[in-house]
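Numbering (my numbering), first residue to last: 129 to 953.
Every residue gets a Cβ at the ideal spot worked out from N, C-alpha and C, and that includes glycine.
Please read all numbers here as calculations on a predicted model, not as lab measurements.
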């Protein structure tokens with residue numbers, strides 16, 4: 129019989145029933161046909177060791193439950209609840225007490241507050257109301273992976289341990305934005321903690337702290353084509369990266385290789401050696417120590433160093449000519465696409481010899497470019513398709529460069545009165561004006577669309593419906609929040625503050641569009657889904673615009689409003705020649721905007737949402753699912769995850785069992801070869817099984833309601849020149865601002881196949897290719913009681929023991945030294 133060490137330090141004999149009761153108490157509302165606390169307890173008891181703490185016991189039990197999520201998604205919920213319960217037992221239940229601990233934090237003998245003095249005083253002044261507003265049970269809504277993501281990077285620590293609960297983080301963020309406006313803070317807290325929306329990662333990290341750098345994106349123009357200008361820009365990038373900002377930098381004005389250097393007999397070595405400095409800075413100055421620095425570099429294709437630029441990320445080639453830790457992006461004028469289409473010649477120029485090309489767009493750019501061609505001021509001429517081939521080669525091999533269309537971005541921008549927009553950001557959804565003395569900034573938040581799918585048998589019997597009224601209301605709260613962020617934000621450099629205060633752009637995005645479609649049983653590219661897609665973004669743009677107009681009525685317009693398309697009565701749909709539906713009263717809103725103007729120059733920018741979607745348990749952004757079963761890697765190991773919507777739909781028709789699970793694994797997460805109804809096959813098509821041209825069309829459909837841009841990935845199992853060319857030209861012809869964020873291709877080996885037991889692989893007639901032997905946990909679903917059956921003991925050791933999971937070593941066992949990996953067995 130083992131003993132455990134309780135949280136107060138006392139030893140107690142291990143009690144099987146007590147463990148079972150604890151897991152049982154957290155299993156409320158779960159499908160008990162599949163979730164069996166007793167079976168989990170059996171595994172836990174077999175894997176523990178003498179002296180394990182109750183906290184470690186919880187960690188181990190949560191890990192065991194999470195590995196079973198492939199059997200049923202409720203196991204992921206249970207695992208999250210166990211982990212959350214463990215944290216709650218280790219932390220104070222009062223928000224005000226935790227804020228006091230964070231404010232009085234001591235590091236190396238000195239007081240180092242982790243929250244701002246202003247936040248501390250606001251909380252102390254309103255302690256009872258704020259403590260009473262916290263709804264602790266909402267922490268139990270997180271999945272295991274969502275909670276682990278928060279635990280790993282978002283929840284604040286003091287003295288080396290986490291002291292902040294997820295609910296406290298949401299309240300900290302809400303107060304960090306609203307401070308003395310307690311009503312607004314509690315409204316924001318409730319919407320965030322109920323998972324209607326989330327602010328972006330930098331806001332979750334830093335709101336309410338002594339350095340509230342809440343912005344996600346920074347867009348820079350090279351200060352000058354000189355030593356001073358280059359290193360001034362490099363320092364700006366370093367200061368931004370230090371404060372966790374992602375960077376988009378355009379280098380169109382940097383002279384090409386071989387160009388003359390004034391006052392010096394030497395010649396320029398071109399953009400690549402310069403970019404090595406930016407690459408080293410990105411690696412050295414990480415984002416506040418939480419994630420690597422990230423710089424996207426934008427270049428127009430007329431630049432004479434374009435071929436070197438396209439090769440920067442290639443897997444082979446001389447190291448001194450590669451910058452694999454930078455993200456490359458093309459800022460593509462229409463004329464370049466026209467020349468490719470006509471198989472024409474393209475002239476490569478150096479900006480010191482052909483100035484002004486990056487400072488104009490549209491007809492003005494084409495006239496200047498062709499003037500330089502007539503004057504033969506170019507370095508050389510090549511077939512436009514030769515450059516295109518280099519671009520496609522890089523994209524097929526590395527997924528980059530991004531493709532963002534210069535003329536579409538400028539033609540459809542509400543900031544076009546400021547000057548020519550010269551680049552996008554790290555993730556291609558922000559399109560804002562930048563200059564040598566202005567660094568564009570954007571503050572982001574994303575709305576969880578799946579939360580607005582409602583099933584109300586009284587109000588709307590039958591199918592679920594989408595609550596546009598609620599979406600409109602939530603969007604207005606988000607817009608007001610982001611507008612406040614501009615004012616309370618810490619700016620790493622003065623050029624960023626100047627820009628943000630003058631133009632006041634915000635970026636509202638989405639996550640969980642695929643989840644919303646699945647909840648409504650809509651195939652992703654069906655006519656109904658396409659209509660819903662448009663209505664969702666029409667609602668978001670209308671609501672954000674209305675909120676911004678109301679703010680302008682109260683506080684005035686943003687400084688550079690006059691002269692903007694909006695000031696002339698042109699809204700984003702007008703710039704696309706699109707007509708909104710009658711879902712909202714656009715004429716009334718136009719009249720309000722004409723009277724009061726707007727507080728913000730830009731409003732909508734659907735971003736990738738990678739981390740925040742994981743926190744909320746949704747699919748990323750507006751993308752389809754990449755697979756219905758996938759491997760998720762965390763510090764505690766690799767876990768198989770299955771699409772929860774699919775499992776619930778298969779259970780509803782009595783088709784979810786062990787064989788079905790293995791069939792999905794064998795087909796790499798696809799359901800197209802399964803013996804299930806055709807309508808389910810359509811709903812659960814993966815992104816690899818959806819025509820990418822249809823996804824581009826859906827991006828264009830919502831485009832009239834996106835006044836910035838959208839992080840648009842393209843998914844192609846085996847990319848090649850013809851397919852990529854077709855997609856790029858379709859994106860350009862549709863008028864998309866971003867034609868490509870990443871080109872995603874399929875891996876040569878799919879990890880989920882390694883989880884199918886060997887016998888199942890050998891007996892599968894449909895899958896005759898040789899299989900690898902299973903190295904993963906094998907679990908069993910039994911019918912009619914569909915609970916799991918697992919082992920820990922014995923040679924096969926189906927589940928890892930607690931020491932392995934917790935990363936502990938037996939003090940009585942001496943570790944062997946690691947030998948040559950080639951020879952080790």
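Original post:
For residue 986, which residues from the same chain have a beta carbon less than 8 Å from its beta carbon, with the 5 sequence-adjacent residues on both sides left out?
Top reply: Since the first residue shown for the chain is 129 and the last is 953, residue 986 is missing from the structure and cannot be characterised.
**OP:** Whole angstroms is fine: what's the gap from residue 110's alpha carbon to residue 458's?
**Re:** Beyond the ends of the chain as shown, which are 129 and 953, falls residue 110; an answer cannot be given.
Subject >> Proximity below 8 Å, CB of residue 555 to CB of residue 735 >> reply: As a position in the chain shown, residue 555 is number 427, starting the count at 1. As a position in the chain shown, residue 735 is number 607, starting the count at 1. A contact, by the Cβ cut-off of 8 Å.
Original post:
Using the rule of at least 16 other Cβ atoms within 10 Å of the residue's Cβ for burial, across every protein chain shown, is residue 705 buried or exposed?
Top reply: Counting from one through the chain shown, the residue named residue 705 turns up at place 577. Residue 705 should be labelled exposed.
Original post:
For residue 345, which residues does DSSP report across the bridge?
Top reply: Taking the chain shown and counting its residues from 1, the one referred to as residue 345 is at position 217. Answer is 374 and 570.
**OP:** Report yes or no: do three or more beta-carbon pairs, one from the region 721-735 and one from the region 557-564, lie closer than 8 Å?
**Re:** yes
**OP:** Inspect the beta-carbon positions of residue 578 and residue 647 and report whether they are closer than 8 Å.
**Re:** Against the chain shown, residue 578 aligns to sequence position 450. Against the chain shown, residue 647 aligns to sequence position 519. Yes, Cβ-Cβ distance for residue 578 and residue 647 is below 8 Å.
Original post:
First and last residue of the alpha helix (DSSP H) that includes residue 617?
Top reply: As a first step, residue 617 must be located in the chain shown, where it is residue number 489. Premise fails: residue 617 is in no alpha helix (DSSP H) and is neither H nor E.
**OP:** Scan the region 626-707 and note each continuous beta strand (DSSP E) run of 3 residues or more that stays entirely inside, going in chain order.
**Re:** 635-639
Original post:
Considering only residues of the region 208-278, which uninterrupted alpha helix (DSSP H) runs meet the minimum length of 4 residues and lie entirely inside it, listed in chain order?
Top reply: 223-231, 245-253, 255-261 and 272-277
Subject >> Residue of 493, 442, 451 and 478 minimising C-alpha distance to residue 460 >> reply: As a position in the chain shown, residue 460 is number 332, starting the count at 1. Answer by Cα proximity: 493.
Subject >> Neighbourhood of residue 209 by C-beta, 7 Å cutoff - its chain only, sequence neighbours within 5 removed >> reply: In the chain shown, the residue the question calls residue 209 occupies position 81. Taken in chain order, the residues that qualify are 154 and 268.
Original post:
What three-state label does DSSP hand residue 860 in the structure shown?
Top reply: One-based indexing of the chain shown puts residue 860 at position 732. The answer is helix: DSSP assigns residue 860 an H, G or I state.
Subject >> Cβ-based neighbour list, residue 822, same chain, cut-off 7 Å, excluding 5 preceding and 5 following >> reply: To locate residue 822, count along the chain shown from 1; it is residue 694. 653.
Original post:
At what residue ranges does the region 743-814 contain a whole run of the beta strand (DSSP E), taking only runs of 3 or more?
Top reply: 757-762 and 765-770
Original post:
Is DSSP giving residue 432 helix, strand or coil here?
Top reply: Along the chain shown, one-based indexing puts residue 432 at 304. Residue 432 falls in the coil class under three-state DSSP.
**OP:** For residue 182, name the three-state secondary structure that DSSP assigns.
**Re:** To locate residue 182, count along the chain shown from 1; it is residue 54. In the structure shown, residue 182 sits in a helix (DSSP, three-state: H, G or I).
Original post:
Nearest-angstrom Cα distance between residue 777 and residue 584?
Top reply: Against the chain shown, residue 777 aligns to sequence position 649. Against the chain shown, residue 584 aligns to sequence position 456. Between residue 777 and residue 584, the C-alpha separation is close to 19 Å.
**OP:** Write down the C-beta distance between residue 403 and residue 425 rounded to the nearest angstrom, noting that I regard them as a contact closer than 8 Å.
**Re:** As a first step, residue 403 is located in the chain shown; it is residue number 275 there, counting from the start. As a first step, residue 425 is located in the chain shown; it is residue number 297 there, counting from the start. 6 Å between Cβ atoms; contact.
Original post:
Using DSSP with H/G/I as helix, E/B as strand and the rest coil, what is residue 191?
Top reply: Position 63 of the chain shown, counting from 1, holds the residue named residue 191. Helix.
**OP:** Excluding the 5 residues preceding and the 5 following residue 582 in the sequence, name in chain order all residues of the same chain whose CB lies nearer than 7 Å to its CB.
**Re:** As a first step, residue 582 must be located in the chain shown, where it is residue number 454. Cβ neighbours of residue 582 beyond the five flanking positions: 592, 593 and 595.
**OP:** Identify, in the order they occur along the chain, each residue of the same chain with its Cβ nearer than 8 Å to the Cβ of residue 393, setting aside the five sequence neighbours on each side.
**Re:** Along the chain shown, one-based indexing puts residue 393 at 265. If we look at residue 393 and ignore the five residues flanking it on each side, it has no Cβ neighbours.
Subject >> Separation of residue 786 from residue 242, as counted between CA atoms >> reply: Counted from its first residue, the chain shown places residue 242 at position 114. Counted from its first residue, the chain shown places residue 786 at position 658. So the two alpha carbons sit approximately 49 Å from each other.
Original post:
Identify the residues that DSSP records as bridge partners of residue 290: which are they?
Top reply: One-based indexing of the chain shown puts residue 290 at position 162. Residue 290 is bridged to 285.
**OP:** Please check the pair residue 820 and residue 274, which I expect to be a contact at CB under 8 Å, by giving their CB distance rounded to whole angstroms.
**Re:** Numbered from its first residue, the chain shown carries residue 820 at position 692. Numbered from its first residue, the chain shown carries residue 274 at position 146. Going by Cβ atoms, the distance from residue 820 to residue 274 rounds to 29 Å, so no, they are not a contact pair.
Original post:
residue 270: buried (16+ other C-beta within 10 angstroms of its C-beta) or exposed?
Top reply: Sequence index remark: in the chain shown, residue 270 carries index 142 (1-based). Flag for residue 270 reads buried.
Subject >> Residue(s) in a DSSP beta bridge with residue 457 >> reply: As a first step, residue 457 is located in the chain shown; it is residue number 329 there, counting from the start. In the DSSP output, where bridge partners are listed per residue, residue 457 has 426 and 530.
**OP:** With a threshold of 16 other CB atoms inside 10 Å of the CB of residue 848, please say whether the residue is buried or exposed.
**Re:** Mapped onto the chain shown, residue 848 falls at position 720. Looking at its Cβ environment, which holds fewer than 16 other Cβ atoms inside 10 Å, residue 848 is exposed.
**OP:** Count the other C-beta atoms from every protein chain shown that fall within 10 angstroms of the C-beta of residue 533, then say buried if there are 16 or more, exposed otherwise.
**Re:** If you number the chain shown from 1, residue 533 lands on position 405. Under this definition residue 533 is a buried residue.
Original post:
Where residue 320 and residue 326 are concerned, what is the direct C-alpha to C-alpha distance, given to the nearest angstrom?
Top reply: By 1-based counting over the chain shown, the position of residue 320 is 192. By 1-based counting over the chain shown, the position of residue 326 is 198. Roughly 6 Å separates the two Cα atoms.
**OP:** Taking residue 493 as part of the alpha helix (DSSP H), name the residues at either end of that continuous run.
**Re:** As a first step, residue 493 must be located in the chain shown, where it is residue number 365. First-last of the alpha helix (DSSP H) with residue 493: 490-502.
Original post:
Which of helix, strand or coil does DSSP assign to residue 718?
Top reply: One-based indexing of the chain shown puts residue 718 at position 590. If DSSP states are grouped into helix, strand and coil, residue 718 belongs with the helices.
Original post:
Do residue 722 and residue 691 have their CB atoms nearer than 8 Å?
Top reply: Residue numbering aside, residue 722 sits at position 594 when the chain shown is read from its first letter. Residue numbering aside, residue 691 sits at position 563 when the chain shown is read from its first letter. Their beta carbons are not under 8 Å apart, which means residue 722 does not touch residue 691 by this criterion.
Original post:
Name the DSSP beta bridge partners of residue 516, please?
Top reply: The residue given as residue 516 occupies position 388 in the chain shown. Residue 516 is not bridged to any residue.
Original post:
Roughly how many angstroms lie between the CA atoms of residue 679 and residue 258, to the nearest whole one?
Top reply: Your numbering for residue 679 matches position 551 in the chain shown. Your numbering for residue 258 matches position 130 in the chain shown. Spanning the two alpha carbons is a distance of roughly 27 Å.
**OP:** Rounded to whole angstroms, what's the CA-CA distance from residue 272 to residue 749? Just pull it up for me.
**Re:** For the purposes of this step, residue 272 is taken as residue 144 along the chain shown, with counting starting at 1. For the purposes of this step, residue 749 is taken as residue 621 along the chain shown, with counting starting at 1. Their backbone Cα atoms lie some 20 Å apart in a straight line.
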